[in-house]
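There are 4 protein chains.
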Amino acid sequence: MVVIMKPKTKEEDIETVISYIRDMGLDVMVNKGVNYTVLGLLGDTSRVDPDTLMLNVHVDRVMRIEEPFKKVSRKFHPENTVIKIGEAEFGKKNTFSVIAGPCSVESDAQVKETAEAVKKSGAKLLRGGAFKPRTSPYSFQGLELRGIEILKAAREETGLPIVTEIMSPYMVEEFERDVDIIQVGARNMQNFDLLKELGKCSKPILLKRGLSSTIEEWLMSAEYILAGGNQNVILCERGIRTFETYTRNTLDLSAIPAVKKLSHLPVIVDPSHSAGMSWMVEPLSMAAMAVGADGLIVEVHNCPEKALCDGAQSLNPKQFEDLMNKLRTMGKNIGINV
Amino acid sequence: MVVIMKPKTKEEDIETVISYIRDMGLDVMVNKGVNYTVLGLLGDTSRVDPDTLMLNVHVDRVMRIEEPFKKVSRKFHPENTVIKIGEAEFGKKNTFSVIAGPCSVESDAQVKETAEAVKKSGAKLLRGGAFKPRTSPYSFQGLELRGIEILKAAREETGLPIVTEIMSPYMVEEFERDVDIIQVGARNMQNFDLLKELGKCSKPILLKRGLSSTIEEWLMSAEYILAGGNQNVILCERGIRTFETYTRNTLDLSAIPAVKKLSHLPVIVDPSHSAGMSWMVEPLSMAAMAVGADGLIVEVHNCPEKALCDGAQSLNPKQFEDLMNKLRTMGKNIGINV
Amino acid sequence: MVVIMKPKTKEEDIETVISYIRDMGLDVMVNKGVNYTVLGLLGDTSRVDPDTLMLNVHVDRVMRIEEPFKKVSRKFHPENTVIKIGEAEFGKKNTFSVIAGPCSVESDAQVKETAEAVKKSGAKLLRGGAFKPRTSPYSFQGLELRGIEILKAAREETGLPIVTEIMSPYMVEEFERDVDIIQVGARNMQNFDLLKELGKCSKPILLKRGLSSTIEEWLMSAEYILAGGNQNVILCERGIRTFETYTRNTLDLSAIPAVKKLSHLPVIVDPSHSAGMSWMVEPLSMAAMAVGADGLIVEVHNCPEKALCDGAQSLNPKQFEDLMNKLRTMGKNIGINV
Amino acid sequence: MVVIMKPKTKEEDIETVISYIRDMGLDVMVNKGVNYTVLGLLGDTSRVDPDTLMLNVHVDRVMRIEEPFKKVSRKFHPENTVIKIGEAEFGKKNTFSVIAGPCSVESDAQVKETAEAVKKSGAKLLRGGAFKPRTSPYSFQGLELRGIEILKAAREETGLPIVTEIMSPYMVEEFERDVDIIQVGARNMQNFDLLKELGKCSKPILLKRGLSSTIEEWLMSAEYILAGGNQNVILCERGIRTFETYTRNTLDLSAIPAVKKLSHLPVIVDPSHSAGMSWMVEPLSMAAMAVGADGLIVEVHNCPEKALCDGAQSLNPKQFEDLMNKLRTMGKNIGINV
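Protein chains in written order, with my numbering: chain A, 1 to 338; chain B, 339 to 676; chain C, 677 to 1014; chain D, 1015 to 1352.
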């Protein structure tokens, strides 16, 4: 950590800050520049709060040099964390695991048929929303616990482990018992109370990146879960909010190599929510594999009865099968198993 | 609501969509353009989900014309909502109410002294953080329930009602009993489960805008609380996340006239967190009044013992007094009471 | 400047970087932390290019401590630069100067009538677009040189100096001869060749902030003009591009105190283009004065003949008069002359 | 185009707007909703300026349904434009062409050696900056015309066509004569005067996306060039400005399928400038191919003499060779020739 004192700060005021830092058990090196004096903090600075130092009126800026995360950092854990659920192994080298299923759980038939279809095409896990985070209080909020029962039935039938989103700390017990991977949505990425509860949980957590969260904040949210005792976190990039309005969000694929470098945790991509357009799912999925992601979570819709969506915007089972074939073909040559 | 069909969609496929819309009890007007056919939906479209219409493969885009919010809308409630707590009246015409106090509750003495000082200068409510949302699990998370007791003691002594942040639905009962305004922080603006609980609560809610939330999403989060039965929501603009890094966040003062036009709810400004620099608090506070806000929530720090922060970055009591005097002077001429 | 070496860099590789820096005539202090070695550069670092240092594979990051600008910096020029044109004095303490006029120059009558109206209400300069930067090649590109003649005629008649936008280095000679303040639009803020030409020019430059330019980049563009020899630059905040779509751009009023602190140059606000809605011009103008801006540039439209715009979205002369009265009233009490 | 009238607009005021639209030769369909009246404009709306309609005080919003571009649109030109230069064929199906070379032209030896190396590895064109857009007036501005001579000499020697950036309309003649592809940098994407000049030019233009430009604005800038008569534009995605600071910019790979759908023009990716880190060039290049780009423009640095950059952050020739091999391997299986 580096502390930059304001120009023309008096010697004695610099000394006050130096004493304060030394009292925390750190060494300080003083660099006197033409205009600025810069203090280099030597030692374990992870407990130093930059905001507290900023309280001093003579401090101009505090720059962190060490990353603020520890347990998620690859620096202290050079090997990939591999999370094995069913036939999926997230984080295993040269392995690309796909989670697929409907956006919302609507009925037994819908989920069962979709589950069978995606399994046949090579998906390793089934996704489906039971509790839905909706911008409007008047929108359908999901089948809730009944939706979980439907997912369990589909798991029973197909053997696919299930992934679904949690929205409240009240539900942790049920989810821990019934669900195979507990998803935390983008809007709850900094719901710290929920993260603390999930840190005590025995099931893997799928942690989506917040719409306007930096990579560092995302890893810090994972750090909450690991610090609580749960080492199994799968990160998921799902697009960030930018000025561009053509796509619903801007998928930040650079975040994948960044996360792989900074952390040992697996990271997957959601190509459905980021773009918000089904015809973009295929190219973005191919790019996710090429950029080094550990897998995908894809929406696949099955609505044979309703005339309206006979050509649904989320992939239908046929389109998903095509996607899986293309991923397998591309993966083969670059040594990645789908 | 307007539905735009893809170019070259066949007559029969357009008919399918029209039938679907008519089945919801709406009328449809068909506008045939050179390339696009546009369907105008006539009737109460508030229950129509644009995402469901987008499921149809022939639909190009769905454009909402009506705002999605109702209870917070000024259209159906032309008069300002006025929320009276102690001597403050948020939303009352020509009235500007200031909430002030320390960022974190640290000790009885700190809170008591700050409370007395800000009351003397004209603050109408006392703020202070007991539960702190922190990016890092290793940072101090606040004095929690003991912090609330400290705030209550300061209220006892000064008569100032207290404002503090809630982070978990588990705490709603305690907060409803002990706190005068319950604050929802920016990171929890779309914690819908928490919003639903607060909708059943009898105390006013101070709803901060999320770091990357649009004005519409912010009002929809308020709609959750009003839809639950609690009509007393005070909105708070506290800066949005942009590319600019000089200030911590970019205070969006245009949001104030926008909210006043769209909604009947009061809206205040947090000039401390947005900029992250104490010397900007004064000009931003003046601008907040001039742009039409109903008040402020300001950080005032009092730390007589600790050498480090004898010139703290948040305002000290003397600087706060100066600010209040300037606000009163400016307000006088433009007919605003502070 | 601070150079952070990658963890586990060998002694000899650190020495290579140190030698390179010493060869530029700078001193280096070495701070050895637990994981990182940090080099503090002592001396005049303004000529050091961080990107060149980043070319070294062992360098992790380079952090600038000194601001990169010099001639625009208040540090080396503590007094405000005051730019006097006609009756306006941009940058003079407690003075607020308003530029007003139509978006596009359309006809003699339109400009003349608008000029007379805004002069009567207290505007000190007349604005009007002759060369128009348009997103589409098919849109009206302005009356060009004929538009300048119309503005000159209005100046003749009213005595108001004229402000208009330049788009090409080819036009510098004409503008220098005919125009009183040469405006550089947001899209050309980093058109460095144009800035260089304007640096040799004798007329003041109104430099609008780019849609996605940081405050530092904006000041660096002003630095280009000052470095070329032209000391008279007026900065203009006109909104930045963010995710929010309710307003066309997000007016960044925090930039005003930031610029006033960092630089001695005057800074004004454009409340018309930022929001894109005429009813927001008044509150944003009031806020601009309260936050410390040196003035405004406002669109005022006069179209008595055309039925379509009898209630134009840019202010009409009557609305502008009301605005000026409100600014004068508010200014009076806080000691600002309009 | 759809025009939404404000709630409670009187019949006669709606009629004024309808007449105005009919006078432009368009038909109007009137949709009366519960609160809003919506006018559907039928006919060729490409000449209608939404801003002019917004001047009417009773107009609430104008929504464009047709895209504003024509000549760049795939709708009117379904086949890919293929631009052939040397051995590269940008836009040809299943073809991926790579441009490589140093960031700045520094010396004959540097350029010649780099050119030979990248040619050997399979690059089809040589890039190199002669005129450099620099944020600071004090930074090295490039070798300018002498840099172009160096590039020409390298072309002579290797046969590789050359790509370099233009910054001023003054230079169009020289560039048209000497350069094979004329690059327009991100900062000049909306330098409309320069675009107009390039529209009259006989050489292909490489048009980089502006840092905060939407896909639509980018295509509109290409439209300027095509409207001027030059049909050969290669688009280049190079990262957009977002809140994320880990990478210098956020590479928007979703823009590639978007552009391919909207336009017939070829589009390539710059993986060097977007991330700003050499170790990210490889994964981002792989992703660019997988997502459907027509090629890359990559920085390759060759500095055998200078100790500082013996492991430069831009790729060295060996790293570039590895990258090309990986691209060829991956391309083979998915039918793409590199």
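The C-beta atom is built at its ideal place from N, Cα and C for all residues, glycine as well. Predicted, not measured: the structure shown is a model, and the values here were computed from it.
{"query": "Is the separation between the beta-carbon of Leu603/B and that of Ile572/B shorter than 9 Å?", "result": "yes"}
{"query": "From the DSSP output, in three-state form, read off Met624/B for me.", "result": "helix"}
{"query": "Starting from Ala1241/D, find everything on chain C with Cβ-Cβ shorter than 7 Å and list it in chain order.", "result": "Pro813"}
{"query": "May I ask you to report which of helix, strand or coil DSSP gives Asn906/C?", "result": "coil"}
{"query": "If you draw a straight line from the C-alpha of Ile4/A to the C-alpha of Ile14/A, how long is it?", "result": "10 Å"}
{"query": "What distance in whole Å lies between the Cβ atoms of Thr1095/D and Glu1103/D, which are believed to be in contact at a cut-off of 8 Å?", "result": "That pair is no contact at about 11 Å."}
{"query": "Would you mind working out which of Asn1009/C, Val976/C, Ile1010/C sits nearest Val774/C, comparing C-alpha positions?", "result": "Val976/C"}
{"query": "Identify every run of the alpha helix (DSSP H) within the region 800-842 of chain C, keeping only runs that are complete inside it and at least 4 residues long; order them along the chain.", "result": "821-834"}
{"query": "Starting from Leu1003/C and walking both ways along the beta strand (DSSP E), at which residues does that stretch end?", "result": "Taken as a continuous stretch (DSSP letters only), Leu1003/C belongs to no beta strand (DSSP E), being part of the alpha helix (DSSP H) at 993-1009."}
{"query": "Over the uninterrupted alpha helix (DSSP H) stretch that includes Gly199/A, give me the two end residues.", "result": "192-199"}
{"query": "I'd like to check one pair, Glu237/A with Ala293/A: are the Cβ atoms closer than 9 Å?", "result": "yes"}
{"query": "Assign Thr1095/D to one of three DSSP states: helix, strand, or coil.", "result": "coil"}
{"query": "For the structure I just gave you, are there three or more beta carbon pairs, one from the region 870-879 of chain C and one from the region 932-940 of chain C, closer than 8 Å?", "result": "no"}
{"query": "For the region 103-111 of chain A against the region 139-146 of chain A, are there 3 or more C-beta pairs whose distance is under 8 Å?", "result": "yes"}
{"query": "Please name the residue in Met24/A, Asp49/A, Thr158/A whose C-alpha comes closest to that of Arg472/B.", "result": "Asp49/A"}
{"query": "Buried or exposed, going by whether 16 or more other CB atoms sit within 10 Å of the CB of Thr921/C?", "result": "exposed"}
{"query": "Using beta-carbon positions only, say whether Gly33/A and Thr728/C come within less than 9 Å of one another.", "result": "no"}
{"query": "Strictly below 8 Å CB to CB, what residues from chain B border Gly211/A?", "result": "A small fix is needed here, since residue 211/A is Leu in this sequence, not Gly. Near Leu211/A (Cβ distances below 8 Å), the residues of chain B are Ser550."}
{"query": "Within 10 angstroms of its Cβ, does Lys1022/D collect 16 or more other Cβ (buried), or is it exposed?", "result": "exposed"}
{"query": "Do Ser212/A and Phe868/C have their beta-carbon atoms positioned less than 9 Å apart in this structure?", "result": "no"}
{"query": "Please tell me whether Cys985/C has its Cβ less than 9 Å away from any Cβ of chain D.", "result": "Unreliable placement is indicated for Cys985/C, whose pLDDT of 46 sits below 50; the coordinate value is still reported in the next sentence. Answer yes: the Cβ-Cβ gap between Cys985/C and chain D drops below 9 Å somewhere."}
{"query": "Go ahead and pull the three-state DSSP assignment for Ile65/A.", "result": "coil"}
{"query": "Check this for me: beta carbons of Val619/B and Ala613/B, under 9 Å apart or not?", "result": "yes"}
{"query": "Take the Cβ of Thr667/B as the centre, count every other Cβ of all protein chains shown within 10 Å, and call the residue buried at 16 or more, exposed below.", "result": "exposed"}
{"query": "Are His1091/D and Lys1098/D closer than 9 Å when you measure CB to CB?", "result": "no"}
{"query": "Are there 16 or more other CB atoms within 10 angstroms of the CB of Ala1168/D, so buried, or fewer, so exposed?", "result": "buried"}
{"query": "Count the other CB atoms, across all protein chains shown, that sit within 10 Å of the CB of Ser506/B; report buried if there are 16 or more and exposed otherwise.", "result": "buried"}
{"query": "Would DSSP call Ala1307/D helix, strand or coil?", "result": "coil"}
{"query": "What are the boundary residues of the beta strand (DSSP E) that includes Thr375/B?", "result": "375-380"}
{"query": "Apart from the five residues on each side of it in sequence, which residues of its chain come closer than 6 Å, Cβ to Cβ, to Thr1030/D?", "result": "none"}
{"query": "At which residues does the alpha helix (DSSP H) containing Ser1188/D begin and terminate?", "result": "One point to set straight first is that residue 1188/D is Glu, not Ser, in the sequence displayed. Where Glu1188/D is concerned, the enclosing alpha helix (DSSP H) stretches over 1186-1192."}
{"query": "Give the interface partners of Thr242/A over in chain C, defined as CB-CB distance under 8 Å, in chain order.", "result": "Phe919"}
{"query": "Beta carbons nearer than 8 Å to chain A: which residues of the region 499-522 of chain B have them?", "result": "Met505, Ser506, Pro507, Tyr508"}
{"query": "Can you tell me whether Gly1325/D is helix, strand or coil according to DSSP?", "result": "At Gly1325/D the pLDDT is 41, less than 50, meaning the model places this residue with poor confidence; the figure from the coordinates comes in the next sentence. Reduced to three states, the DSSP call for Gly1325/D is coil."}
{"query": "Return yes when the Cβ of Gly185/A is within less than 9 Å of the Cβ of Tyr224/A, no when it is not.", "result": "no"}
{"query": "Check distances from the C-beta atoms of the region 1123-1145 of chain D to those of chain C and list, in chain order, the residues that come in under 7 Å.", "result": "none"}
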